[in-house]
Amino acid sequence: TQLLEQSPQFLSIQEGENLTVYCNSSSVFSSLQWYRQEPGEGPVLLVTVVTGGEVKKLKRLTFQFGDARKDSSLHITAAQPGDTGLYLCAGATGTASKLTFGTGTRLQVTL
Amino acid sequence: GAVVSQHPSWVICKSGTSVKIECRSLDFQATTMFWYRQFPKQSLMLMATSNEGSKATYEQGVEKDKFLINHASLTLSTLTVTSAHPEDSSFYICSASGMWDTQYFGPGTRLTVL
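Structure representation (structure tokens):
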């Protein structure tokens, strides 16, 4: 069974602070996605990383895929209350684009 | 583009009854649809994968006779929870993928079994 462990599980920070969320596995993935989910809603795709060592930036969010394609990180600069939510990484393998979701990181950004 | 809808958004039912949840891809043809379950404060757990016109593939530990999945067309998949019990109460989320393999998620359906 492929497992994706995220750390930290929960993070409460103040507006303006920086943070990093980690997503680790012992398995290799063909691609890795990051999602944000708000209560009562489905996950919304933030980014897909495919190449080992790849770095993608989405405004204040920076995503990195590990060289061995087993881990990833999400860095948020100058967090805002609107960043509050559940962040999920998900690794894709093999056929039918099946995804294995990480354990999740719940972020709370306060004023 | 790539919008996925679910209906209903929430449902309350009595123990022992069956509940059907629909998942539709509104603006693309979904060759594959996925059904997930999410318990409070937890991540998404894949229940099954379905391809149009063929039987669904269930993940280990998911009862196929309890969670009936039908993927009758390229835009519609249904999940029927048969003889629902309180422990089936959860947030059920579907996703759909087309030719680009990216999964697009629906807004989820909250099921409460009394």
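Just so you know, the protein sequences line up as chains L and R, in that order.
When we follow this note's numbering, the leftmost residue of the first sequence carries the number 50, and every step to the right adds one.
When we follow this note's numbering, the leftmost residue of the second sequence carries the number 397, and every step to the right adds one.
Built from N, CA and C at the ideal position, the CB exists for glycine as well.
Computed from a predicted model, the values in this text were never measured in an experiment.
- Beta-bridge pairing by DSSP links residue 120 of chain L to L/73.
- Judged by their CB atoms, residue 133 of chain L and residue 55 of chain L are not nearer to each other than the 8 angstroms cut-off.
- In the displayed model, residue 401 of chain R falls within a strand according to three-state DSSP.
- Note that the C-beta distance between residue 430 of chain R and residue 499 of chain R is below 8 angstroms.
- Distance between residue 427 of chain R and residue 91 of chain L, taken at the CA atoms: about 20 angstroms.
- Look at residue 404 of chain R: its C-beta is not under 8 angstroms from any C-beta on chain L.
- Contacts between residue 439 of chain R and chain L, judged by CB atoms closer than 7 angstroms, involve 137, 150, 151, 152, 153 in chain order.
- Under the DSSP definition of a beta bridge, residue 474 of chain R partners with R/418, R/466.
- Cβ contact annotation for residue 445 of chain R (same chain, cutoff 7 angstroms, sequence separation greater than five): 428, 430, 452, 453, in chain order.
- Excluding its 5 nearest sequence neighbours in each direction, residue 417 of chain R has C-beta neighbours in its own chain below 8 angstroms: 402, 403, 404, 407, 474, 475, 476, 477, 488, 490, 505, 507, listed in chain order.
- The beta carbon of residue 147 of chain L sits closer than 8 angstroms to some beta carbon of chain R.
- The criterion of a C-beta distance shorter than 8 angstroms is not satisfied by residue 467 of chain R and residue 411 of chain R.
- Between residue 126 of chain L and residue 67 of chain L, the CB-CB gap stays under 8 angstroms.
- In the structure shown, residue 64 of chain L falls within a coil segment according to DSSP collapsed to helix, strand and coil.
- Residue 485 of chain R is outside the set of residues whose beta carbon lies under 8 angstroms from a beta carbon in chain L.
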